[in-house]
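Below is one structure, written out as structure tokens; comments come after it.
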Amino acid sequence: MTESLFSLTHQDPLTILRVKLRSTYIADEQVCMDALLKSLDLSLDKRTQMSAQAASLVRHVRNHSSPTMMEKFLGEYGLSTKEGVALMCMAEALLRVPDKATIDALIEDKVQAGDWSSHLGHSNSSLINSSTWALLVTGKLLAPVDAEKVGSAMRGLVKRVGEPVVRMAVAQAMKELGSQFVLGRTMKEATWRAKKLTAQGYTHSYDMLGEAARTAEDADRYFESYSAAIVDLIPHCNNDDIRNNPGISVKLSALHPRYEWSQRERVLTELVPKVLALALQTKAANMGFNIDAEEADRLDISLDVIAAVLAAPELSGWHGFGVVVQAFSKRAPWVLDWLYELARSLDRKIMVRLVKGAYWDAEIKRAQVIGLTDFPVFTRKANTDVSYLACAKKMLAMNDLIYAQFATHNAHSVAAILQLAGDKHAYEFQRLHGMGESLHASVMAQGGIRCRVYAPVGAHQDLLAYLVRRLLENGANSSFVHQLVNPEIAPETIAQDPINVVLERLEQGLSCRSHAIVRPQDLFAQNLASHRKNAKGWDITDAPTIALMQSAREHLNPSYWQAQPLVARFEGTLEAPHWVINPAVGGERVGQVHMSSKEQVEAALQVAPLGQAEWLAMPLAERVACFEKAADLYEDNATELFAILAKEAGKTWLDAVGELREAVDFARFYAQEMASGPQVQGRGVITCISPWNFPLAIFSGQIFAALAGGNAILAKPAGQTNLVAYKAVQLMHAAGIPAAAVQFLPGGPHEVGVPITSDARVNGVCFTGSTATAQHINTAMATNLAADAVLIAETGGLNAMVVDSTALPEQVVRDVLASAFQSAGQRCSALRMLYLQEDIADKVLQMLYGAMDELTLGNPWHLHTDVGPVIDAPAKTKIEQYILQHSVAGRLLKHLSAPTNGLFVGPAVIKLNGIEDLKEEVFGPVLHVATFAAKDLDQVVKSINAQGYGLTFGVHTRVDARVEQLIKGVHAGNTYVNRNQIGAVVGSQPFGGEGLSGTGPKAGGPQYVQRLRKPFRVKACAPSGHLVSLDQVQKAIDSLPSKGLLEWQKCSNRVSELTQIFGSQANQLKDLCRNPVLLPGPTGELNQLSTVARGVVLCLGPNRHSALLQAQTALAQGNGVVMVANDLNLPKCDLPLVVIQGQLAATDIVALSGYHAVTANSDAGYQRQLRQALAKKVGPLLPLISETADPQRYTMERHLCIDTTAAGGNASLIAAGE
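In terms of this note's numbering, the sequence shown opens at residue 442 and continues consecutively.
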């Protein structure tokens, strides 16, 4: 357990409280609520008085004052309307967009999305009513007009997009919107605007707008901004009582670019002096100084910083140091206890601002994403309100050392505190500028109670994120502000007692937690069809979790691991061992590997069919249980697996945790696939060849999938990562999977790889690796294996990301860093080519360079390491030579230095004209950058597609129409919008590419296991008839675009069209490409799996029946078809279909071009010739489809993942909040 900076013993009260605080991080919500209710101990009479006073306050506010413009706005355009969400998205992006064309595109995109005239007459405010949108057209406020005029104005606005007056009007409207929440652009302007309220007795707490720092330059700028703001406030600190002077709020994450637990030592060394310097400034001015609350994963380090600063002797005797506590946190009461004990131990008096909490939706999503056992925050609004009351009561009892500051716009919270409090001078209320004015005015009128306004200060371009957050928090139907302006909601309803709400649920036998929010472990068990348990998460920002992980692996450092072939029933001798060297530490021996001998390979091939029989003889329930047990064993042995991944593969803590979770997800996902799929025969023996970059996850995923398909496995891991693969197979066998069903064959490509991919006893290969190796395997299989032997290959990619000028640079830099440099760039999905719109390129690149400077390169055994080593010396040499080549050519923009002890390569950024300059994938921490003009976006798409790869693709934009344009235009297996493009999640984001990037189907998707099962086939026959000319077939292929191929792919009723031509038999066809499937995933993220046509399919029959079946099935998926077979006399039709009588020589398909698949159901000899001919083609691996009636074989899968919270928060989750 990590201790704070100052000296503590294990019996020290602060230590005890810190332990208790940490233990409630993700505690059970019911347990927390029981403790809170017990601590409140309020009688029913007391609670009734509170609610009655709250209702009285609501009536008084409604009868004696008018809501602010912003309150009216939120009442009309809340999160329950798509117009409100469109407004939020436009407000978030508009003011930062520099170029006119993109501004116009953004306005058009958001305005067209709404039914604006439906809001007319709902508000008595001329601005909110018709003039909200008249403002967008004319740039000035107008009197109310009728509905038709507003509708006409909006239609006219869309037509006039592009005119300067529209652009200026919308920008002015957004600024007006923002000014309702921001007191001034500068501190001088803010204090001038504050004079009116100051004269009425209000005080202010000022906050300099800005988000977390990404670079040291950002952090320095924020420090100077805070320091200058303090200087500007000195003339306004005229009262001896610090409580009557203004204050300032400081965001610690704005003052350090790596404000996170993994960088704790650096943060405490660098940040504490900065914060202390600001605190001393405010002390000298007799001003309040508040440390803002941060995300849940930063609370622990925030407490360390707070303790270190407050312990400074120079702050003795000052009562202005303040801390913000968030009531939605399950740790909030313990934070208060800890702060009180800290103040007591240091003989200080401090201020504590109690808030409900910000970024609740982000906390929910993070817990789901990383697989926590529960949430760090309460999931129901009433629970947070109860927590707020309990914390308020606790704070009021601590008033000897804590000056309580209650930030709330909620009438019940205000009434409760008025009832609970004694001394009116022992606390104050706080509200946000622009919100809660009438409520707080009512409180002020009672006399003697202080009220303070939290006042953001900053330029228009800095208000965006803050503005959207306020819109989100106050625009939900359940928010007090939203309800207050709705006259249809009775005051008694608004003022209801949250304790009653909680108790009523308990009396009804209901859980106190929200059932609308899926718990992390149930993320993939949201319906009857899916009951999969989510993989266990390890939160490496949580001090107790880190301490346990570190303690558990102490005995493993140093440690040696052994690996050897695992061949059933083989009793021969082992080959001499090879040493495994840690890539991060030069010369450090990690373990030994005995490679497979020829005899062991042959023995494995012989026994594998027996292993398949043994596996299939087990009842289905037992096989499923084996997978579930293997998943559990992986989690139980996590410490050792993490250690091997770090020592052998150079995995950082973050990557090791992600890899293990993915392997566990594969086991449970494929268990579900096995249990729910058709119980047909497997193909036989499947060779699984996995890469070193995911030596546990991909290795395990291939094996579990092939087993689920009913096969026996010959598993060959990459030569660099045999140790972790060996451990995985041991755990599989321990879980009950027969030794003969999964045999482990470590060894080189020639000694092991060649025989197990070119032996006729093998029925298929699952391969992940380079494109060139996949092509070699394909050739070997075509020559030696059955023609229908399956090859599933996932290969590399020249993965691109396109960023336009509406994107938020901070988000872009965050996602580019992860996509390009996490795992030292050694991911198939890693970003290789970044396209930046020229209008923002310089700004984004400068921020990217600064963020790169903050990365820590080093031994992945240490938590603080961000970037580990590359895998081996040849890789290091190749990457370094590539970087040097571009450096000599003057194209190297940025290159970090790297540690010399170990196989490290410093992340690099290289300037190119475009992706066409990128001749091959550089598998390491190298990012290429090109710029583009907004008008040339289509050309960028063409350039990306022209390279022939199609693995991952990223987009950053706020313009929905551009998202649509890019996801339809770019040919990629996995597309990510407004997030990074790595880390696909099993079952949620099935992964795999197309073109040169792979064959499909996607790993962790619905088709993978099916491809490994023995398929149903139509009875084969030999081809007959005259040979058709190559030229005739090529012309037929070339003619398909003119026959309406693109229109056919867009057709929504293809099966109906085919029925008219082929008759009633076509009614049996399935069109898989019509309806995308939504897949489960965390809140705030859309995951959609689609199928698309392959393109042009050669249907080679050879007889009429098989040719018609092939053509119909291919056409139903949107493909163009060239049929070459006998006895084909089809009626003329308006379809992308060409019919040629005869047969095609198998060797001719090598010379043909423009087709994407071949399907035939011929005799074995002709099928083999076709397979061999296809293997000779240069380019993507084209399929030979013998499962002619299976519609999946005529399609490709594409996955789309959108971060729907990128514009600032999760509108749907907040709107649905209970």
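In this text, a Cβ means the ideal position worked out from N, Cα and C, and glycines have one as well.
| Query | Result |
| --- | --- |
| Determine the direct distance from the alpha carbon of GLU1628 to that of PRO1190, and round the result to whole angstroms. | 31 Å |
| How would you write the range of the alpha helix (DSSP H) that TRP775 sits in, first residue to last? | 773 to 787 |
| Taking SER854 as the reference, which of ILE1178, ILE843, ASP841 and ALA831 has the closest Cα? | ALA831 |
| Quick one: give me the first and last residue of the alpha helix (DSSP H) that TRP633 is part of. | 628 to 634 |
| Whether or not the stretch 1623 to 1637 and the stretch 1607 to 1614 are in contact is what I'm after, with contact meaning three or more pairs of Cβ atoms, one per stretch, closer than 8 Å; do they touch? | yes |
| How many angstroms separate the CA atom of HIS1640 from the CA atom of VAL502? | 51 Å |
| Since ALA1108 and PHE1068 are thought to touch, with beta carbons under 8 Å apart, how far apart are those beta carbons, to the nearest angstrom? | 5 Å |
| Indicate whether ASN1386 and ALA1371 have their beta-carbon atoms separated by less than 8 Å. | no |
| Could you name the residues that DSSP lists as bridge partners for THR1636? | ALA1534 |
| Looking at the secondary structure, which residues open and close the alpha helix (DSSP H) in which TRP1489 lies? | 1486 to 1491 |
| Do you know how far the Cα of ILE1197 is from the Cα of GLY460? | Position check: residue 460 holds Val in this sequence, whereas Gly was assumed. If you take the alpha carbons of VAL460 and ILE1197, they lie about 55 Å apart. |
| Going by DSSP in three states, LYS1617 sits in which element: helix, strand or coil? | helix |
| Do you know how far the Cα of SER1531 is from the Cα of ILE1643? | 14 Å |
| Just the Cα atoms here: how many angstroms apart are VAL691 and ALA799? | 15 Å |
| Can the beta-carbon of THR1212 be found less than 8 Å from the beta-carbon of GLY1237? | yes |
| Since THR1416 sits in a beta bridge, which residues does DSSP pair it with? | PHE1394 and LEU1641 |
| Go ahead and label GLY1504 buried or exposed: buried means 16 or more other beta carbons lie within 10 angstroms of its beta carbon, across all protein chains shown. | exposed |
| Along the chain, which unbroken stretches of the beta strand (DSSP E) at least 3 residues long are found entirely within the stretch 820 to 864? | 843 to 848 |
| Please report how far the alpha carbon of LEU1550 lies from the alpha carbon of ALA1630, in whole angstroms. | 6 Å |
| State the start and end residues of the unbroken beta strand (DSSP E) segment that holds VAL764. | 762 to 767 |
| Return yes when the Cβ of LYS1491 is within less than 8 Å of the Cβ of ALA1557, no when it is not. | no |
| Just to confirm, is the Cβ distance from LEU1007 to PHE1185 under 8 Å? | yes |
| If you measure between the beta carbons of PHE870 and PHE847, is that distance less than 8 Å? | yes |
| Alpha carbons only, please: which of LEU1333, SER1328 and SER1270 is nearest the one belonging to GLY1414? | SER1270 |
| For the beta strand (DSSP E) containing ASP648, list its first residue and its last residue. | 644 to 649 |
| Would you kindly work out how many angstroms separate the C-alpha atoms of TYR1276 and ILE935, rounded to a whole number? | 50 Å |
| I need the DSSP call for SER564, collapsed to helix, strand or coil. | Unreliable placement is indicated for SER564, whose pLDDT of 48 sits below 50; no coordinate value is reported for it. |
| Identify whether THR1629 lies in helix, strand or coil by the three-state DSSP scheme. | coil |
| Going by DSSP in three states, THR814 sits in which element: helix, strand or coil? | coil |
| Whose C-alpha, out of HIS1019, LYS1168, LEU744 and PRO1572, is nearest the C-alpha of ALA773? | LEU744 |
| Can you give the Cα-Cα distance for ASN731 and VAL764, rounded to whole angstroms? | 5 Å |
| What is the C-beta distance between ALA833 and GLN494, in whole angstroms, given that I count them as a contact (C-beta under 8 Å)? | Not really, about 15 Å apart at Cβ, beyond 8 Å. |
| Can you find the residues in the same chain that come closer than 6 Å, C-beta to C-beta, to LYS590, ignoring five residues on each side of it along the sequence? | With a pLDDT of 45 at LYS590, under the threshold of 50, the predicted position of this residue should be treated as unreliable, and no value is reported. |
| Who are the near neighbours of ALA1660 in its chain, counting only those whose CB is closer than 6 Å to its CB and skipping five residues on each side? | Here the chain has residues from 442 to 1659 only, and residue 1660 is not among them. |
| Which of the three DSSP states is assigned to LEU1510 in this structure? | coil |
| Check whether the Cβ atoms of ILE1233 and PRO1442 lie closer than 8 Å to each other. | yes |
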